[in-house]
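Numbering (our numbering), first residue to last: 671 to 883.
Cβ atoms here follow ideal geometry from the backbone N, Cα and C, with glycine treated the same way.
In what follows, a single structure is set out as structure tokens and then discussed.
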């Protein structure tokens, strides 16, 4: 996905949402995204929280109004895809997927609408710009970006977080919750544990301005 060279919008990233629709609505009200902004959602839109169906509905509408939106795939989206394809249904149900299904039933959106199912199909493993790499979980040290194992991009924790590796760009990621946004040389971590009663965070990665609700 590319953008025209005269685009002057902000480059924004949003951490793990996990079905927290009210927090997402509040965050978007604070950030006030413009049509020229590029907002990168780092994955884990569903599971554990109270209204995953509402989150997906809002994200679909948001993308219609903001053409530079990027949606990454998180490990929870992958578990959902495995569930609906019958490849491996149990991990989804064991990791908050039951609440996702319940949210669709509560909204009278059962069976899950085709437009929602189609949202999950084109989700990206990563998104790269000249200065940043956006990924759900992180990167395996010592392996070029294009050779990374997709499972690592969705699941990696300590091997990435504890490594001093320099990827030549700032890695912006979610997946591992922190009480505050993680800002270190070459890394910006934006999962601030919204679904655990803490905050949902967005970052303007160029200015480093943060919004947390």
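Would residue i be called buried (16 or more neighbouring beta carbons within 10 Å of its own) or exposed?
| i | result |
| --- | --- |
| residue 702 | exposed |
| residue 721 | buried |
| residue 809 | buried |
| residue 856 | exposed |
| residue 697 | buried |
| residue 676 | Because residue 676 sits at a pLDDT of 44, beneath the cut-off of 50, its placement in the model cannot be relied upon, and the point is left open. |
| residue 773 | buried |
Between the C-alpha atoms of residue i and residue j, what's the straight-line distance to the nearest angstrom?
| i | j | result |
| --- | --- | --- |
| residue 704 | residue 803 | 22 Å |
| residue 690 | residue 868 | 11 Å |
| residue 825 | residue 807 | 6 Å |
| residue 678 | residue 842 | 20 Å |
| residue 727 | residue 733 | 10 Å |
| residue 711 | residue 871 | 11 Å |
| residue 692 | residue 792 | 25 Å |
| residue 883 | residue 740 | 21 Å |
| residue 849 | residue 759 | 31 Å |
| residue 754 | residue 831 | 31 Å |
| residue 797 | residue 780 | 32 Å |
| residue 756 | residue 767 | 14 Å |
| residue 836 | residue 775 | 45 Å |
| residue 827 | residue 820 | 14 Å |
| residue 877 | residue 813 | 29 Å |
Under 7 Å between the Cβ atoms of residue i and residue j?
| i | j | result |
| --- | --- | --- |
| residue 770 | residue 716 | yes |
| residue 844 | residue 852 | no |
| residue 730 | residue 708 | no |
| residue 688 | residue 865 | yes |
| residue 713 | residue 685 | no |
| residue 823 | residue 795 | yes |
Which residue from the options puts its Cα closest to that of residue i?
| i | options | result |
| --- | --- | --- |
| residue 833 | 816, 811 and 854 | 811 |
| residue 764 | 879, 750 and 864 | 750 |
| residue 880 | 694, 700, 695 and 686 | 700 |
| residue 854 | 686, 753, 861 and 840 | 840 |
| residue 742 | 773, 789, 754 and 758 | 789 |
| residue 778 | 861, 723 and 873 | 723 |
| residue 862 | 752, 776, 847 and 756 | 847 |
| residue 786 | 837, 747, 835 and 706 | 747 |
Under 6 Å: does the beta carbon of residue i sit that close to some heavy atom of the ligand PLP?
| i | result |
| --- | --- |
| residue 728 | With respect to the ligand PLP, the structure shown offers nothing to examine, as it has no ligands at all. |
For residue i, I'd like the list of residues in its chain whose CB is within less than 6 Å of its CB, leaving aside the five on either flank, ordered along the chain.
| i | result |
| --- | --- |
| residue 671 | Residue placement at residue 671 is flagged as unreliable, the pLDDT there being 42, under the threshold of 50; the coordinate-derived value follows with that caveat. Cβ within range, chain order: n/a, list empty. |
| residue 874 | 680 and 682 |
| residue 762 | 749, 750 and 753 |
Within its chain, find whatever has a CB closer than 8 Å to the CB of residue i; leave out the 5 residues flanking it on each side and keep chain order.
| i | result |
| --- | --- |
| residue 725 | 687, 689, 690, 691, 694, 715, 716 and 719 |
| residue 817 | none |
| residue 735 | 705 |
Ordered along the chain, which non-local residues of its own chain (more than five positions away) have a Cβ less than 7 Å from that of residue i?
| i | result |
| --- | --- |
| residue 783 | none |
| residue 801 | 839 and 840 |
| residue 829 | 810 and 811 |
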